[in-house]
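Below is one structure; the comments refer to it alone.
There are 2 protein chains.
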Amino acid sequence: MRAQADDRHPDLRAALENLLAAGGKRIRPRLVLLMGNMLGADPERLITLAAAIEMLHTATLVHDDLIDGSLLRRGNETLNANWPPAATVLTGDFVFARAAKLAAQTGSLTVMEEFAETLAIMVNGELTQMFDARGLANRGNYYERIYAKTGSLFELSTHGAAIISPVDAKIVANARNFGRELGTAFQIVDDILDFTGDQAAVGKPVGSDLLQGLITLPALYYIEDNPKDENVQSLLNGHYHNEKEIALLVEAIRQSDAIQRSLEEAKDYARRALLSLNGHPPSEERDALENLAEYITNRNV
Amino acid sequence: MRAQADDRHPDLRAALENLLAAGGKRIRPRLVLLMGNMLGADPERLITLAAAIEMLHTATLVHDDLIDGSLLRRGNETLNANWPPAATVLTGDFVFARAAKLAAQTGSLTVMEEFAETLAIMVNGELTQMFDARGLANRGNYYERIYAKTGSLFELSTHGAAIISPVDAKIVANARNFGRELGTAFQIVDDILDFTGDQAAVGKPVGSDLLQGLITLPALYYIEDNPKDENVQSLLNGHYHNEKEIALLVEAIRQSDAIQRSLEEAKDYARRALLSLNGHPPSEERDALENLAEYITNRNV
């Protein structure tokens with residue numbers, strides 16, 4: 569990944585270095601490698617795919633942080649905290665370009681098409697969220713949003729790994745399902761952590777989604793159970809900028825069983841993901857994928 | 569191209585519709601089609617490549633207009649004139665994504681890699697210009713900049729068309745040279761028009777490059793001939809924000825033979841481009857490519 573800015577402008581090299589040094593959990597490339605190793609993919613192609621997907625993820629974060637005006641990510645300053653917006657837009661574009669080149673270097677046109685399709689889904693999801701999602705309490709819309717935001721790229725990770733593996737169409741379809749379901753579980757847990765997480769660890773204020781008018785699964789459960797709650801009514805009428813009302817609502821949701829029910833739902837997704845692995849003989853990779861699913865539904869909830 | 573936003577957010581569909589309706593000269597897709605038809609490419613793949621390249625071009629314009637704060641392009645309002653920056657960033661990303669998918673649908677991994685490489689070159693060029701190019705009077709730097717800005721995408725147009733054609737490596741290399749040299753000629757003429765063009769037709773003030781500190785070929789010739797001119801000295805010392813001095817310099821360049829010498833240089837590039845077509849039997853497409861080269865070096869100079 570680091571070599572992708574060699575021969576480029578020194579500031580761009582430095583920016584990429586910082587972006588990659590900031591780390592993160594690297595869950596997506598790990599999924600690529602585990603799934604592909606389990607299915608017998610060529611290691612070189614697999615590493616190329618893993619790098620392509622992590623860089624696509626990085627590029628979307630660069631543009632998202634710029635759009636949201638976020639100054640911190642993973643405890644580090646974001647690029648836009650120090651750079652003018654113009655340079656930040658272009659750096660994101662550059663990282664997209666390198667991700668696309670790596671995707672092409674996997675040697676699979678199908679991977680390349682899925683890669684481009686995933687980017688389109690993610691961007692369309694961001695735009696839809698920006699224009700339409702505020703104050704909207706609708707499960708269908710919620711699942712579409714988290715698929716666009718997270719499920720689609722998890723899906724690409726395991727689907728792409730299977731595409732470049734010597735396996736039949738049914739196994740490819742199962743690998744794809746695995747990623748999509750696990751990504752959904754991952755995002756639901758992220759949405760729970762927005763209510764229950766330690767502010768310092770999550771890196772943003774508790775209830776920040778709701779303060780932006782974004783209604784996630786814990787809020788959906790709470791709203792379904794308490795439709796007449798006056799703070800719920802206020803939220804649904806678009807008054808999500810009222811910090812005092814939202815703080816009361818966040819506290820009520822934290823204390824309610826909406827958290828536990830959301831977590832159960834995340835675990836259901838993770839279980840369904842693991843069902844897609846049935847039929848594979850025991851292996852180190854299969855164990856690791858099961859452990860990853862376990863980790864995803866248990867991180868600091 | 570229009571179908572690329574079907575099933576997407578209505579505002580995104582409308583934005584794409586506007587971007588495409590705004591038109592432009594469509595020189596890049598025309599180059600793809602003419603070169604590919606001359607070399608016997610499959611028409612379907614060729615049209616897909618032409619659309620991919622025009623959409624890549626469109627995506628870069630969306631981000632460039634945002635970065636430059638331009639409110640008009642081709643006499644129409646830009647996207648950022650009406651949309652928040654965040655939506656404009658994402659729309660550019662979406663158009664990139666669709667361009668990448670179309671490039672993958674050409675069915676050539678080589679085309680796909682070249683496509684991604686070209687995007688990286690263009691973005692790196694924009695960043696280099698943003699950070700380093702102001703007030704820099706250096707021919708090498710100028711040619712690097714115009715290759716990144718224009719030459720690379722013209723090159724991709726004719727190179728890509730040849731890659732998907734049933735021709736040998738030598739013809740592919742010649743087609744590539746044709747696009748690169750013609751793109752260089754095109755950009756030099758654009759840079760001349762910045763001095764000589766009718767403000768209404770060009771859509772920006774005369775001398776706008778120089779007002780931003782960007783030293784293009786006509787200015788380079790003038791500086792070489794008049795190193796001691798006090799306005800030249802001022803420019804080279806970074807005082808390009810002094811509108812009065814720059815206006816005097818622009819007028820001096822317009823009156824000098826720097827314009828004619830730049831145009832001769834553009835014509836040399838166009839001639840070298842046409843030499844790359846030697847060996848091809850006469851055809852309607854070859855005639856059309858020659859006419860296009862003629863048009864490029866003669867538009868309103």
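Chains C and D, in that order, give the protein sequences. For the first sequence, the numbering used here assigns the number 569 to the initial residue and increments by one for each residue that follows. For the second sequence, the numbering used here assigns the number 569 to the initial residue and increments by one for each residue that follows. Where a beta carbon is used, it is the ideal one built from N, C-alpha and C, also for glycine.
Item	Value
Cβ of residue 723 of chain D within 8 Å of any chain C Cβ	no
Reduced DSSP category for residue 641 of chain C - H, G, I as helix; E, B as strand; rest coil	strand
Selection from D/576, D/598, D/606, D/595 that minimises the alpha carbon distance to residue 954 of chain D	Shown here, chain D extends from 569 to 869; a query on residue 954 of chain D therefore has no answer.
DSSP-derived helix/strand/coil call for residue 791 of chain D	helix
Residues within the segment 698-713 of chain C neighbouring chain D, beta-carbon criterion of under 7 Å	698, 699
Whether residue 802 of chain D touches residue 810 of chain D by CB criterion (8 Å)	yes
Rounded C-alpha distance that separates residue 726 of chain D from residue 613 of chain D	14 Å
Continuous alpha helix (DSSP H) stretch holding residue 708 of chain C: start and end	707-714
Span of the alpha helix (DSSP H) around residue 859 of chain D	852-864
Residue 659 of chain C CB to nearest heavy atom of the ligand ADP below 7 Å	Annotation note on the ligand ADP: not contained in the displayed structure, which lists no ligands.
Residue 624 of chain C and residue 856 of chain C closer than 8 Å at C-beta	no
Chain C contacts from the segment 737-762 of chain D (Cβ-Cβ distance under 8 Å)	none
Chain-ordered residues of the segment 635-649 of chain D with a beta carbon less than 7 Å from chain C	635
Assumed close pair residue 729 of chain C, residue 600 of chain C - CB separation to whole angstroms, cut-off 8 Å	5 Å
Enclosing alpha helix (DSSP H) for residue 649 of chain C [first to last residue]	647-650
Residue 710 of chain D classed as buried or exposed, judged by whether at least 16 other C-beta atoms fall within 10 angstroms	buried
CB of residue 863 of chain D within 8 Å of CB of residue 824 of chain D, strictly	no
Rounded separation between residue 706 of chain C and residue 690 of chain D - CA only	41 Å
Pair within 8 Å by beta-carbon distance, residue 719 of chain C and residue 678 of chain C	no
Euclidean distance between Cα positions of residue 872 of chain C and residue 782 of chain C	Missing from the structure shown is residue 872 of chain C; chain C here goes from 569 to 869 and no further.
For residue 751 of chain C, the first and last residue of its enclosing alpha helix (DSSP H)	737-764
Segment contact, 8 Å Cβ cut-off, at least three pairs: the segment 693-708 of chain C with the segment 662-676 of chain C	no
Segment contact, 8 Å Cβ cut-off, at least three pairs: the segment 578-588 of chain D with the segment 654-664 of chain D	yes
Any C-beta of chain C under 8 Å from that of residue 672 of chain D	yes
Beta-carbon proximity check, residue 665 of chain D vs residue 688 of chain C, cutoff 8 Å	yes
Within chain D, partners of residue 617 of chain C - CB distance below 9 Å	Within 9 Å Cβ-Cβ: nothing; residue 617 of chain C doesn't reach chain D, min ~14 Å.
Three or more C-beta pairs below 8 Å linking the segment 588-598 of chain D and the segment 632-643 of chain D	yes
Residue of D/849, D/721, D/588, D/798 minimising C-alpha distance to residue 646 of chain D	D/588
Chain A contact for residue 669 of chain D (CB, 8 Å cutoff)	Any reference to chain A falls outside this structure, whose protein chains are C and D.
Test item: CB-CB of residue 865 of chain D and residue 757 of chain D under 8 Å	yes
Sub-8 Å separation of residue 786 of chain D and residue 830 of chain D beta-carbons	yes
Terminal residues of the alpha helix (DSSP H) in which residue 624 of chain C lies	611-636
Supposed contact pair residue 814 of chain D and residue 778 of chain D - C-beta distance, whole angstroms, cut 8 Å	5 Å
8 Å Cβ cutoff, residue 629 of chain D in contact with chain C	no
Cutoff 6 Å; reference residue 631 of chain C; Cβ partners in own chain excluding five residues on either side	660
Neighbouring residues, chain D, relative to residue 576 of chain C (Cβ below 7 Å)	692
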